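Student:
Number of protein chains: 2
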Amino acid sequence: MENTIHRKYLKGQYIVQQGDICRFESFVIKGCLKTFYVDNEGQEHVVLFAIENWWTADLGSFLTQKPADYNVQCIEDTEVIQFSSDKMELLYQEIPKLERFFRIIIQKAFVASEKRIVRNFSLPAKERYIEFKKTYPQIEQRVPQYLIASYLGITKEFLSKIRGQIIAEQ
Amino acid sequence: MENTIHRKYLKGQYIVQQGDICRFESFVIKGCLKTFYVDNEGQEHVVLFAIENWWTADLGSFLTQKPADYNVQCIEDTEVIQFSSDKMELLYQEIPKLERFFRIIIQKAFVASEKRIVRNFSLPAKERYIEFKKTYPQIEQRVPQYLIASYLGITKEFLSKIRGQIIAEQ
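Chains H and G, in that order, give the protein sequences.
Take 1 as the starting number for the first sequence in our numbering and just add one per residue.
Take 1001 as the starting number for the second sequence in our numbering and just add one per residue.
Following this line, the structure appears as structure tokens:
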């Protein structure tokens, strides 16, 4: 298939690097990835994770074909199918239902993203961690704790303290 | 048009109330609205604003037809066209390009939402306020400062201090 690439990445390799243009949307067949941002102080902030059957990209860069704000890096050896912007356009024209499928996926992602903003403002870190475990149990088990801390916007020491509290309460 | 309502609301009235089911997506013809969440301590957290030519709803509730997490309230006298879930389905079937239109709108909204999460983690409040003013100049001028403070996740006193700093620097 033209403009469609079946590709394997090793743990640690990048699908997108901050500053590059994100040329593909990647569907994850196998593996685990993180999308993260490095701020001016060099600190890493995890934006999203992705596992099997999820899509990943720097969507803003993919849509505009401008330099990416984020990095997408493999946390495990990862296998993806990648679709270029041209290919996606072709697919949308050939299969109108795909447009619907992506509209619904992205609406759900948007709702989840808004909920995360509200939780970050209104819930203590401990409740946010419990919510994260409940919502993404598979990710919680596969991803190193310091990345979950970053996703929650707290230090890994603070997450470790929270986990200790939760275990003590059980 | 069946399932489509042209409706006027007064300042202070609600389009959606937390706990109700959001039955419509509303296209704003005139006016200004805020989407907000009230936490268990009774504190209000602004999630989104909407002005002319924007769409507003508790999207999670609209999609699932389950009780809304958020309130959508008019900050000014507001005029909207409201589309029910059934009507939206009909429109998507009659006008396939509408599916595309909404896919693109919501992708952009998702990208903006993710950026907001990253900024909340990585930028000081002052930079976030400057970014907000740049991105949404019309909203910044129309919306009371305490609501902007809530949107930014800071107190109104802190926003006032930041504004003072910015004026002093000019």
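Virtual Cβ for every residue (Gly too), placed ideally from N, Cα, C.
Note that this is a predicted model, so its numbers are computed, not measured.
1. For Lys87 of chain H versus Thr4 of chain H, is the C-beta spacing smaller than 8 Å?
2. Kindly give me the distance between the Cβ atoms of Leu33 of chain H and Phe49 of chain H, rounded to whole angstroms, as I take these residues to be in contact under 8 Å.
3. When the Cα atoms are used, what is the spatial distance from Gln1065 of chain G to Gln1170 of chain G?
4. Hey, is Tyr1092 of chain G's beta-carbon within less than 8 Å of any beta-carbon in chain H?
5. Just by C-beta distance, which residues in the stretch 116 to 147 of chain H are closer than 8 Å to chain G?
6. Have a look at Arg1163 of chain G and Arg142 of chain H and give me their C-alpha separation to the nearest angstrom.
7. Beta-carbon separation of Arg7 of chain H and Gln73 of chain H under 8 Å?
8. Could you check whether the Cβ of Leu1159 of chain G sits closer than 8 Å to any Cβ belonging to chain H?
9. Mind checking the stretch 28 to 40 of chain H against chain G and listing, in chain order, the residues whose C-beta falls within less than 7 Å of any C-beta there?
10. Looking at chain G, is there any beta carbon in it that lies within less than 8 Å of the beta carbon of Glu99 of chain H?
11. Does chain H have any CB closer than 8 Å to the CB of Glu1169 of chain G?
12. Take the Cβ of Asn1071 of chain G as the centre, count every other Cβ of all protein chains shown within 10 Å, and call the residue buried at 16 or more, exposed below.
13. Would a check of beta-carbon distances place Val111 of chain H closer than 8 Å to chain G?
14. So what's Ala1050 of chain G in DSSP terms, helix, strand or just coil?
15. Got a sec: which bits of the stretch 72 to 91 of chain H sit with their beta carbon under 9 Å from any beta carbon on chain G, in order along the chain?
16. Relative to the C-alpha of Lys1011 of chain G, which candidate in G:Gln1018, G:Cys1022, G:Lys1030 has its C-alpha closest?
17. Would you verify that the beta carbon of His1045 of chain G is, or is not, closer than 8 Å to some beta carbon of chain H?
18. Taking 8 Å as the threshold (beta carbon to beta carbon), is Gln1172 of chain G in contact with chain H?
19. Considering only residues of the same chain and omitting the five flanking positions on each side of Met1001 of chain G, which have a CB-CB separation below 6 Å?
20. Locate the alpha helix (DSSP H) running through Gln1138 of chain G, then write down its first and last residues.
21. What residue from H:Ala168, H:Lys161, H:Trp55 has the CA that sits closest to Ser26 of chain H's CA?
22. With a cut-off of 8 Å on the beta carbons, I'd call Ile106 of chain H and Phe1110 of chain G a contact; round off their distance for me.
Tutor: According to the data block:
1. By 1-based counting over the first sequence, the position of residue 87 of chain H is 87. By 1-based counting over the first sequence, the position of residue 4 of chain H is 4. For Lys87 of chain H and Thr4 of chain H, yes; Cβs fall inside 8 Å.
2. As a position in the first sequence, residue 33 of chain H is number 33, starting the count at 1. As a position in the first sequence, residue 49 of chain H is number 49, starting the count at 1. The Cβ separation is near 7 Å, so the contact holds.
3. To locate residue 1065 of chain G, count along the second sequence from 1; it is residue 65. To locate residue 1170 of chain G, count along the second sequence from 1; it is residue 170. For Gln1065 of chain G and Gln1170 of chain G, the distance between alpha carbons rounds to 49 Å.
4. Taking the second sequence and counting its residues from 1, the one referred to as residue 1092 of chain G is at position 92. Cβ-Cβ to chain H under 8 Å: yes for Tyr1092 of chain G.
5. Arg116, Ile117, Val118, Asn120, Phe121, Ser122, Leu123
6. Taking the first residue of the second sequence as position 1, residue 1163 of chain G is located at position 163. Taking the first residue of the first sequence as position 1, residue 142 of chain H is located at position 142. For Arg1163 of chain G and Arg142 of chain H, the distance between alpha carbons rounds to 44 Å.
7. Start at 1 with the first residue of the first sequence, and residue 7 of chain H comes out as number 7. Start at 1 with the first residue of the first sequence, and residue 73 of chain H comes out as number 73. Not a contact, by the Cβ cut-off of 8 Å.
8. As a first step, residue 1159 of chain G must be located in the second sequence, where it is residue number 159. So, not an interface residue.
9. Tyr37, Asp39
10. As a first step, residue 99 of chain H is located in the first sequence; it is residue number 99 there, counting from the start. By this cut-off, Glu99 of chain H is an interface position.
11. As a working mapping, residue 1169 of chain G is identified with position 169 in the second sequence. Glu1169 of chain G does not count as touching chain H.
12. If you number the second sequence from 1, residue 1071 of chain G lands on position 71. Its Cβ being crowded by 16 or more others within 10 Å, Asn1071 of chain G is buried.
13. The residue you call residue 111 of chain H lines up with position 111 of the first sequence. Val111 of chain H counts as touching chain G.
14. Your numbering for residue 1050 of chain G matches position 50 in the second sequence. In the structure shown, Ala1050 of chain G sits in a strand (DSSP, three-state: E or B).
15. none
16. Numbered from 1 along the second sequence, position 11 holds the residue referred to as residue 1011 of chain G. Out of G:Gln1018, G:Cys1022, G:Lys1030, G:Lys1030 has the C-alpha closest to the C-alpha of Lys1011 of chain G.
17. For the purposes of this step, residue 1045 of chain G is taken as residue 45 along the second sequence, with counting starting at 1. Answer yes: the Cβ-Cβ gap between His1045 of chain G and chain H drops below 8 Å somewhere.
18. This structure leaves residue 1172 of chain G out entirely; chain G is present only between 1001 and 1170.
19. Translated into positions along the second sequence, residue 1001 of chain G becomes position 1. In this predicted model, Met1001 of chain G has a pLDDT of only 49, less than 50, meaning its place in the structure is not dependable; the value taken from the coordinates is given anyway. The answer is none, since no qualifying residue turns up.
20. Within the second sequence, the letter at position 138 stands for residue 1138 of chain G. Segment 1137 to 1142, the alpha helix (DSSP H) holding Gln1138 of chain G.
21. Translated into positions along the first sequence, residue 26 of chain H becomes position 26. When only C-alpha atoms are compared, the closest one is H:Trp55.
22. For the purposes of this step, residue 106 of chain H is taken as the residue at position 106 of the first sequence. For the purposes of this step, residue 1110 of chain G is taken as the residue at position 110 of the second sequence. Sure, about 6 Å apart at Cβ, within 8 Å.
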